[in-house]
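Student:
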Amino acid sequence: MFSLFLSELIDEIGSASLILQRYVLPRRESEIVVPVLPSIIFDENEKIIFRQPFEHYQVLPKINSIALPVPKLPLPPLAQTLEEYLSAIEAVVTDVQYKSAKNAVTEFGASGGLGEYLQNELKKIYDKKENWVYDWWLEDMYMRNRVALPVNSNPGMVFPKENFKNQDDQIRFAMKLIFGILEYKQTLDNDRMPVDMSGGKNSFAFCMAQHYRLLTSYRRPDSPKDILVSTCPFHDGYHITVACKGQFYELKITQNDQVISQNSLSQELKNILAAEDAPEAPVGVLTSEHRDNWTNIRKILVKETLNENSLNSIERSLCVICFDDPLPFSFNYGQKLNDGARDDSNVAHQMLHGGGSKFNSINRWFDKTMQLVICSDGFCGLCYEHSAAEGVVVIQLLEKLIQLPNDIENNTMNKQTTGQWPPAKKLRWNVENVELQQAITSAKQHIDRLGKDLDFYVLRFDDYGRELAKRNQMSPDVLMQLALQLAYYKYKVHRRLVSTYESAATRRFHLGRVDNIRAATVQALNWVKVMEGDNSSEEKYQHFQKAVARQTEIMIRNITGQGIDCHLLALREVATERGIQTPSLFSSDCYAQFNNFRLSTSQVSTQTDSFMGYGAVVPDGYGASYNLKADSVLFCISSFHNCPDTNSALFAENLVSSLLQIKNILKVK
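Under full-length UniProt numbering, the first residue of the sequence shown carries the number 1, and numbering increases by one thereafter.
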């Protein structure tokens, strides 16, 4: 039914395991000066040929990238995008709304009209910029979004459980991660990172810019939008931030071209875990606040040099290592409350938000891209700030780290020092200001409410996985998306489809991030109605095939740079920048509904038994990530307890029913 090329293409969506081949660019003598990060210049082969002195922060330029052998993101034709827009909203709006939208589209797309003018302006931007939508997309998706980062924006990842027999085991695992991260960073610094490649005969390179941002980015709160900052290490080497019991420490891991020894690192981590000096104020909890609140609080904090220096240290660190205490097994309505064991959902809460101010939420710095969480009971994972990179790149790094042997004797780095190493430095804060004290109290209350409100359910579906879809010559991702549509439709409160978001990786293009694969199609709506009716199995199958074909078409359009969400966003932003009144196309209820994602989904595949989840993006919606294995699927379903119309456990129940119904109508079992 589908070509080999298609089967290779569709496996690309959201999968960290898709990168099957890698190569290093060949070196040549010719050099072209290409500005990349503010402090680094590369030649055409990505070899570092000049590095500025490490001074202080520099805000990321409008385009922060590395020159790679990948094409520019194409600019789709205007008529195609407008046609696809109408198709995308037809199943989720009323007939009256749809008629109004058609009129707005006709007016906007008329020959010589506003749409044509804006498209021509976009073409000029396409010619001048490395990626015509990157800046607008980053601002719209993250920088202008003012909601609190935990749950709402930062995903959480749970690693396979470690068997810590004692604190030494916990420290050894932390050391493995620290040395692994340093090796990854030095590989990037030395221009030896192999280029990610797709699998299959028609393989192609992926843009590597996200790798270079992972350990050098920081989301600084500001108004009216946050700033993605490119951070430089201190002049004498790299350091990490270590968090323990709400206290933060600066720990150098390189100094004057030497790497901290295993013994020194082990002893420093032991000292931090055993520290009993008077605790500093739990300033980290402020990073969990609404972005406008945190912006205002930070301005007060930096008036004190002591606070500014501590902020400076955290922002410029490679990552944060969080030593956590376990959450109670019954935290926030666990899925099993009878044997005292922590379940998947409980651990996911810990990674997403820490469990509240009485537990580990004060032991986080949510602005930092990478926060590695190491719990004393062996549950470990990650909370990561999303604006710098997509999950595929993050998972690619972390899966390598967690699969390294815990016996770090066989995993050491060259040039380890044998001399004296500077001790970890505890970061100090001056928060005597009454306004700061009140802000900390308020932040604690807010994160406590957010954690309690999160309705998170981990579903392990073991009846089948991606192989069943492949045997039936369809994309596993398409099957999952249609199952989610049916599950949503089944819930009696809903009985309709809603705008659905699925991130579509566009890393095959220069500075590509994502576009949106929409699954709420007319074909999907017709199919779910038939599935819930008394129709024959053959009729259900025929409608399913039509829905599959349409979903596959949308998927391919997106990952090949022909998506509509980024294009429409850019047209809207061009109008704003040119001082043009917002076109009716973008001010309508239909466009608002088009962007109101009551289903926010993504495929987050791993090779290990890890999983990643996130919160719903609207108060009355669901988040649904899925990890496809050969014969199973792990889903992370999220919603909010405060919404009477959502229920994560019930959604999971409907999802199981939907998956089994689909299996029953397939020709090949």
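All C-beta atoms, glycine included, are put in the ideal place defined by N, C-alpha and C.
Given a cut-off of 7 angstroms on the beta-carbon distance, is the pair Ile-662 and Phe-651 in contact?
Tutor: It is not a contact, given that the beta carbons lie outside the stated cut-off.
Student: Less than 7 angstroms between the C-beta atoms of Val-92 and Val-574, yes or no?
Tutor: No; because the gap between Cβ atoms is not below 7 angstroms, this pair is not in contact.
Student: Are there three or more Cβ pairs, one per stretch, closer than 8 angstroms when the segment 160–178 is compared with the segment 376–388?
Tutor: Segments in contact, yes.
Student: Which one of Asp-189, Ile-321, Met-143 and Asp-367 has the shortest CA to CA distance from Leu-286?
Tutor: Comparing Cα positions, the closest option is Asp-367.
Student: Buried or exposed: which applies to Gln-403, given that a residue is buried once 16 or more other Cβ atoms fall within 10 Å of its Cβ?
Tutor: Result: exposed.
Student: Measure the Cβ-Cβ separation of Ile-297 and Ala-174 and say whether it is below 7 angstroms.
Tutor: Contact: no.
Student: Tell me the DSSP secondary structure of Leu-454 in three-state form.
Tutor: If DSSP states are grouped into helix, strand and coil, Leu-454 belongs with the strands.
Student: Within the continuous alpha helix (DSSP H) that includes Gly-109, where are the two ends?
Tutor: Run containing Gly-109: 95–109, per the alpha helix (DSSP H) assignment.
Student: Measuring CB to CB, does Asn-163 end up less than 7 angstroms from Glu-304?
Tutor: Their beta carbons are not under 7 angstroms apart, which means Asn-163 does not touch Glu-304 by this criterion.
Student: Going residue by residue through the segment 194–250, where are the continuous alpha helix (DSSP H) segments of at least 4 residues, counting only ones entirely within it?
Tutor: Counting whole runs of 4 or more residues, the segment 194–250 contains the alpha helix (DSSP H) stretches 209–213.
Student: Flag this pair as touching only if the segment 550–569 and the segment 83–92 have three or more C-beta atom pairs under 8 angstroms; answer yes or no.
Tutor: As far as the Cβ criterion goes, the segment 550–569 touches the segment 83–92, which means the pair count is three or higher.
Student: Apart from the five residues just before and just after Asp-609, which ones in its own chain have a Cβ nearer than 7 angstroms to its Cβ?
Tutor: Correct list, in chain order: Pro-160.
Student: Looking at the secondary structure, which residues open and close the beta strand (DSSP E) in which Met-157 lies?
Tutor: Where Met-157 is concerned, the enclosing beta strand (DSSP E) stretches over 156–158.
Student: Nearest by alpha-carbon distance to Gly-579: which of Val-105, Leu-114, Thr-254 and Gln-80 is it?
Tutor: Gly-579 has its Cα closest to that of Leu-114, out of Val-105, Leu-114, Thr-254 and Gln-80.
Student: So Phe-509 packs on Val-656, CB below 8 angstroms; how close in whole Å?
Tutor: So it is not a contact: roughly 37 angstroms between Cβ atoms.
Student: Is the distance from the Cβ of Val-528 to the Cβ of Leu-486 below 7 angstroms?
Tutor: Against a cut-off of 7 angstroms, the Cβ pair of Leu-486 and Val-528 comes out as a contact.
Student: With a Cβ-Cβ cutoff of 7 angstroms, do Gly-156 and Cys-383 count as a contact?
Tutor: The answer is yes: Cβ separation under 7 angstroms.
Student: Could you pull the start and end residues of the beta strand (DSSP E) that Gln-371 belongs to?
Tutor: Gln-371 -> beta strand (DSSP E) spans 370–375.
Student: On the DSSP bridge list, what partners appear for Ala-505?
Tutor: According to DSSP, which records beta bridges pairwise, Ala-505 is partnered with Val-514.
Student: Indicate the three-state DSSP secondary structure (helix, strand or coil) for Lys-161 in the structure shown.
Tutor: DSSP places Lys-161 in coil when its eight states are reduced to three.
Student: Evaluate Leu-306 with the Cβ neighbour count: other Cβ atoms within 10 Å of its Cβ, from every protein chain shown; 16 or more gives buried, anything less gives exposed.
Tutor: Exposed, by the Cβ-count rule.
Student: Quick check: the Cα distance between Ile-362 and Gln-97, rounded to an integer number of angstroms?
Tutor: If you take the alpha carbons of Ile-362 and Gln-97, they lie about 46 angstroms apart.
Student: Can you have a look at Glu-289 and say buried or exposed, based on whether 16 or more other CB atoms are within 10 angstroms of its CB?
Tutor: Classification for Glu-289: buried.
Student: Name the two residues that bound the continuous beta strand (DSSP E) containing Gly-391.
Tutor: Premise fails: Gly-391 lies in the alpha helix (DSSP H), 391–402, not in any beta strand (DSSP E).
Student: Does the segment 244–254 come close enough to the segment 210–225 that 3 or more CB-CB pairs lie under 8 angstroms?
Tutor: No contact exists between the segment 210–225 and the segment 244–254.
Student: Suppose the cutoff is 6 angstroms on Cβ atoms and the five residues either side in sequence are ignored; what does the same chain contact list for Phe-586 look like?
Tutor: Excluding positions up to five away in sequence, the list reads Arg-572.
Student: Cβ atoms of Leu-177 and Leu-372: under 7 angstroms apart, would you say?
Tutor: Cβ distance < 7 angstroms, so Leu-372 and Leu-177 count as in contact.
Student: For Thr-254, collect the residues of the same chain with a Cβ closer than 6 angstroms to its Cβ; drop the 5 residues on either side in sequence, then sort them by chain order.
Tutor: The residues are Gly-237 and Tyr-238.
Student: Compare the beta carbon distance of Ser-602 and Ser-625 with 7 angstroms and say whether it is the shorter of the two.
Tutor: Yes, Cβ-Cβ distance for Ser-602 and Ser-625 is below 7 angstroms.
Student: Going by beta carbon distance, what residues of the same chain come within less than 7 angstroms of Arg-316, once the five residues before and after it are set aside?
Tutor: Excluding residues within five positions, the ones whose Cβ falls inside 7 angstroms are Thr-231, Cys-232, Pro-233 and Phe-234.
Student: Smallest Cα separation from Phe-640: which of Glu-653, Pro-619 and Asn-654?
Tutor: Nearest C-alpha to Phe-640: Pro-619.
Student: Is Gln-473 helix, strand or coil when you go by DSSP?
Tutor: Note: Gln-473 maps to coil in three-state DSSP.
Student: Just verifying my parser: in three-state terms, what is the DSSP assignment at Gln-420?
Tutor: Reduced to three states, the DSSP call for Gln-420 is coil.
Student: Return the CA-CA distance between Ser-658 and Leu-214, expressed in angstroms with no decimal places.
Tutor: Those two C-alpha atoms are separated by around 37 angstroms.
Student: Buried or exposed, going by whether 16 or more other CB atoms sit within 10 Å of the CB of Thr-241?
Tutor: The residue is buried, with at least 16 neighbouring Cβ atoms inside 10 Å.
Student: Report, in whole angstroms, the separation of the C-beta atoms of Asp-453 and Asn-642, which I expect to be a contact under 8 angstroms.
Tutor: That pair is a contact at about 5 angstroms.
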